[in-house]
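*Asks:* Here it is, the structure in full.
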Amino acid sequence: MVLGSARPSHTTHNTTTTPMSQQDRQRLYDNVEGVGAYDADPSIDPGYRVLFERELAVEVRHPAAGAQGGKPDETGDAGQLELISARIFIQGSDDAPDSVRLDLTCESDLFFYHRCTLDADKFDDLRSAQQIGVAFTTLPAVLIKAVNDCIQSAHEHIAILEVRPDGNGTLRFLQNVANLRYAELVSLPMTKVAEGVLRDLVTYRYHLVKGRLAQQCQRVERVMQVVRARHPALLALLCPIADDVP
1 MVLGSARPSH
11 TTHNTTTTPM
21 SQQDRQRLYD
31 NVEGVGAYDA
41 DPSIDPGYRV
51 LFERELAVEV
61 RHPAAGAQGG
71 KPDETGDAGQ
81 LELISARIFI
91 QGSDDAPDSV
101 RLDLTCESDL
111 FFYHRCTLDA
121 DKFDDLRSAQ
131 QIGVAFTTLP
141 AVLIKAVNDC
151 IQSAHEHIAI
161 LEVRPDGNGT
171 LRFLQNVANL
181 RYAELVSLPM
191 TKVAEGVLRD
201 LVTYRYHLVK
211 GRLAQQCQRV
221 ERVMQVVRAR
231 HPALLALLCP
241 IADDVP
């Protein structure tokens, strides 16, 4: 199988989900007592940086132990469609990365976290096994295109994550060929992250949401102060106060 190796343009990296900058995250934490220690995303390992982030619909399957996953046109077993956040990390330069990593997380399930990390040697083994006609240097562009195709051409491109009982699994990108069958473009081995990393990430996301909530409450309070000073009658209509409420 041969995948396109064209690198994405600069605008390809403008995704629908923009990560918070380090400065914005620090300002957010500074407004919340006791969360200053959570100013770094534990999912970003030293030396890695986020290249791409976007949400897509992924069919999540849980095949029984020993069962072999089939392509969509080979089995009637359907999984659960989930909105999954895909983040692509690279280590090294954009043109010659040392390592490429794909993380899958789910906002509706904080304990859902699967990861695939590939270097040049591991990718060579994967390329030989699957007959993939791209070089390792173009892997980030290939993954970005695969994710974008599943979003922009959902009637032709789908992503299936098969999770085995041990928590590990396989992510498969497939294309519908002439409405007759599905051709597998690439298949990636996904590993469930260690419990320690997962625990740190859940704690981080909890404090992040808590910080955002505190920030929004502060904004609402500032607006209410302005309304109270300039339009007290309007404030009485918006927030009636009952003296008999304990």
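When you line the sequence shown up against the UniProt record's numbering, it's residues 1 to 246, in that order. Backbone N, C-alpha and C fix where the C-beta goes; we use that ideal spot for every residue, glycine too. Please read these numbers as outputs of a predicted model, since none were measured by experiment.
Does DSSP put ALA159 in a helix, a strand or coil?
*Replies:* If DSSP states are grouped into helix, strand and coil, ALA159 belongs with the strands.
*Asks:* What residues in its chain sit with their C-beta under 8 angstroms from that of THR137, if we drop five residues either side in the sequence?
*Replies:* ASP95, ALA96 and PRO97.
*Asks:* Since SER187 sits in a beta bridge, which residues does DSSP pair it with?
*Replies:* In DSSP, SER187 forms a bridge with ARG172.
*Asks:* Tell me, which residues are paired with TYR113 by DSSP?
*Replies:* Partner(s): THR105.
*Asks:* In angstroms with no decimal places, state the Cα-to-Cα distance between GLY92 and ARG219.
*Replies:* Rounded to whole angstroms, GLY92 to ARG219 spans 40 angstroms at the Cα level.
*Asks:* What three-state label does DSSP hand PRO232 in the structure shown?
*Replies:* In the structure shown, PRO232 sits in a helix (DSSP, three-state: H, G or I).
*Asks:* Reducing DSSP to helix, strand and coil, say where VAL35 ends up.
*Replies:* Residue placement at VAL35 is poorly supported in this model, since its pLDDT is 41, which falls under 50; the coordinates still yield a value, given next. Three-state result, VAL35: coil.
*Asks:* Going by the CB atoms, is the gap between ILE90 and VAL100 shorter than 7 angstroms?
*Replies:* Their beta carbons are under 7 angstroms apart, which means VAL100 touches ILE90 by this criterion.
*Asks:* Nearest CA to the CA of PRO165: which residue from GLU59, VAL147, ALA64 and ALA40?
*Replies:* Minimum Cα distance to PRO165 is reached at ALA64.
*Asks:* Give the single residue among ALA120, LYS192, ARG172 and VAL193 whose Cα lies nearest to the Cα of GLU184.
*Replies:* The residue with the shortest Cα to Cα distance from GLU184 is ARG172.
*Asks:* Please go through the same chain and pick out, in chain order, the residues whose beta-carbon is closer than 8 angstroms to the beta-carbon of VAL202, but skip the five residues on each side of it.
*Replies:* The residues are LEU110 and PHE111.
*Asks:* Taking just the CA atoms, how far does GLY167 sit from THR52?
*Replies:* According to the sequence shown, residue 52 is Phe rather than Thr. So the alpha carbons of these two residues sit roughly 25 angstroms apart.
*Asks:* Using 8 angstroms as the threshold, is the region 150-159 in touch with the region 52-61, meaning 3 or more CB pairs across them?
*Replies:* Verdict: yes, contact present.
*Asks:* Tell me whether PRO140 is buried or exposed, calling it buried when 16 or more other Cβ atoms sit within 10 Å of its Cβ.
*Replies:* Burial call: buried.
*Asks:* With respect to the beta strand (DSSP E) encompassing VAL60, which residues constitute its N-terminal and C-terminal limits?
*Replies:* Element bounds for VAL60: 48-61.
*Asks:* Could you compute how far the alpha carbon of THR170 sits from the alpha carbon of LEU161?
*Replies:* Cα to Cα, the separation comes out at about 6 angstroms.
*Asks:* Excluding the five sequence neighbours on either side, which residues of its own chain have a C-beta within less than 6 angstroms of the C-beta of ALA159, listed in chain order?
*Replies:* Within the same chain, ALA159 has close Cβ partners VAL58, CYS150 and PHE173.
*Asks:* What first and last residue would you give for the beta strand (DSSP E) that runs through GLN80?
*Replies:* Looking at the DSSP string, the run of the beta strand (DSSP E) that includes GLN80 is 80-92.
*Asks:* Could you give the C-beta distance for ARG127 and VAL193, rounded to a whole number, given that I count them as a contact under 8 angstroms?
*Replies:* At roughly 25 angstroms, the Cβ-Cβ gap does not stay under 8 angstroms, so ARG127 and VAL193 are not in contact.
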